[in-house]
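Below is one structure, written out as structure tokens; the observations come after it.
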Amino acid sequence: MCDTRRSVIRSPILHPNRKKFTTFKSALVAVLIQASFTYQAAGHGNIFEPNPQGADEAHRWFFGDPAGSFDMPELVGKYTYGEYYKGVDSWFTKNNVDSVKDFFKKYVPEVPECGNTKKNGTPQPLPSDGYVKHDSLGNSHPGPCEVWCDDIRVFHDTNCAGKFAGEVPTKVPIDMKTCKSSSELVFYWLALHVQPWQVYINCVTLDGAGSPGSSSKNSTSKATKAATAPTYSFDKTLDDDSAADQSQPAETPITTTAPETQAPPGTTAPSTSSSKCLRRRMSIGILVGTSPANLPAQLMS
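Numbered by full-length UniProt numbering, the letters in the sequence shown go through residues 1 to 301 in order.
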């Protein structure tokens with residue numbers, strides 16, 4: 001039986017497609033295994049709508065792995081795995097931590113601001129249905145997560161895996177009115193698997209489409225440029241013309257005044273004027289009681 005089975009398997013005459021089928025089956029198994037590993041890795045977490053960009057070449061195609069990790073057993077206290085989030089919530093309250101974002105900044109500062117994603121990536125549109133999509137949040141580790149649009153938190157839950165349990169991909173609701181006027185959307189997630197705890201941060205630059213202030217800003221910018229250009233040209237022309245008109249008159253008094261100030265004739269001028277005035281006064285005084293024949297010749301001149 002064994003020899004017969006071997007001969008059948010090896011015989012291309014009895015099984016002409018056996019080799020092709022075996023090759024296809026092996027390839028299919030390899031693809032399924034690879035897909036399984038990829039899903040498990042990607043299952044840790046990243047949003048895909050709006051779509052972030054990898055921070056560097058190493059994260060060009062995949063950035064769902066943790067951006068960092070840290071040991072902090074007191075964060076969960078005596079709670080067990082399924083209730084780790086309760087320990088975190090209690091610790092946040094006790095230590096005046098308002099959000100996951102603030103916690104990361106204060107207690108895990110070595111983690112990049114945007115994790116494995118790019119800070120200023122290609123602008124992306126907001127999801128039209130008002131939900132941020134995450135690849136596997138509803139089937140992953142417990143812990144708090146939140147979404148921010150600029151400096152406003154638009155979603156928060158103390159245990160996102162529990163809230164969206166079984167929902168894959170996961171739809172996280174956001175405040176569209178706030179996000180439409182924002183330039184950046186950021187997803188934060190503190191995953192409480194086993195120590196060390198995992199940090200996930202995804203940043204997405206928003207395109208601002210539909211923003212109430214976007215058209216105003218653009219129109220204001222254009223209007224300012226349009227108004228500034230002619231004003232600048234006009235002022236420049238006036239300044240140039242004024243300088244040209246004033247240049248010659250300005251030089252004339254300066255040239256004329258200089259010799260009068262420095263030269264001796266400058267002091268003679270008022271002396272001559274005083275002599276003329278003296279003559280007139282003398283003439284008037286003498287003419288009152290003296291005939292012209294008796295006046296000195298210099299007074300008659």
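Backbone N, C-alpha and C fix where the C-beta goes; we use that ideal spot for every residue, glycine too. A quick note: this is a predicted structure, and the numbers were derived from the prediction, not measured.
{"query": "Where does residue 185 sit, in a helix, a strand or coil, going by DSSP?", "result": "strand"}
{"query": "Mind checking which residues open and close the beta strand (DSSP E) that includes residue 90?", "result": "Per DSSP, residue 90 belongs to no beta strand (DSSP E); it is in the alpha helix (DSSP H), 84-94."}
{"query": "Could you give the first and the last residue of the continuous alpha helix (DSSP H) run that contains residue 62?", "result": "No alpha helix (DSSP H) holds residue 62; DSSP gives it neither H nor E."}
{"query": "Between 181, 115, 114, 110, which lies nearest to residue 126 when the distance is taken from Cα to Cα?", "result": "181"}
{"query": "According to DSSP, what are the bridge partners of residue 194?", "result": "The partner list for residue 194 (beta bridge, DSSP) is empty, contrary to what the question assumes."}
{"query": "If contacts are defined as beta-carbon pairs under 8 Å, then residue 134 and residue 45 qualify, I think. What distance do you get, rounded to the angstrom?", "result": "6 Å"}
{"query": "In chain order, what residues of the same chain lie with their CB nearer than 6 Å to the CB of residue 121, ignoring the 5 residues before and after it?", "result": "53, 205"}
{"query": "Helix, strand or coil: how does DSSP classify residue 100 here?", "result": "helix"}
{"query": "Does DSSP put residue 170 in a helix, in a strand, or in coil?", "result": "strand"}
{"query": "To the nearest angstrom, how far is it from the Cα of residue 159 to the Cα of residue 146?", "result": "10 Å"}
{"query": "To which residues of the same chain is residue 86 closer than 6 Å at the C-beta, ignoring the five residues directly before and after it?", "result": "79"}
{"query": "Keeping to the same chain, check which residues put their C-beta closer than 7 Å to that of residue 207; ignore five residues upstream and five downstream.", "result": "123, 124, 125"}
{"query": "To the nearest angstrom, how far is it from the Cα of residue 60 to the Cα of residue 137?", "result": "21 Å"}
{"query": "Would you give the residue range spanned by the alpha helix (DSSP H) that residue 179 belongs to?", "result": "176-180"}
{"query": "Considering Cα atoms alone, identify which of 190, 186, 198, 193 is closest to residue 117.", "result": "186"}
{"query": "When you compare the CB positions of residue 66 and residue 130, do they come within less than 8 Å of one another, or not?", "result": "no"}
{"query": "Can you give the Cα-Cα distance for residue 149 and residue 193, rounded to whole angstroms?", "result": "27 Å"}
{"query": "List the DSSP bridge partners of residue 117.", "result": "54"}
{"query": "Assuming residue 197 contacts residue 104 (C-beta within less than 8 Å), just tell me the rounded distance between them.", "result": "Going by Cβ atoms, the distance from residue 197 to residue 104 rounds to 11 Å, so no, they are not a contact pair."}
{"query": "Straight-line CA distance for residue 178 to residue 72?", "result": "34 Å"}
{"query": "By DSSP, does residue 143 sit in helix, in strand, or in coil?", "result": "coil"}
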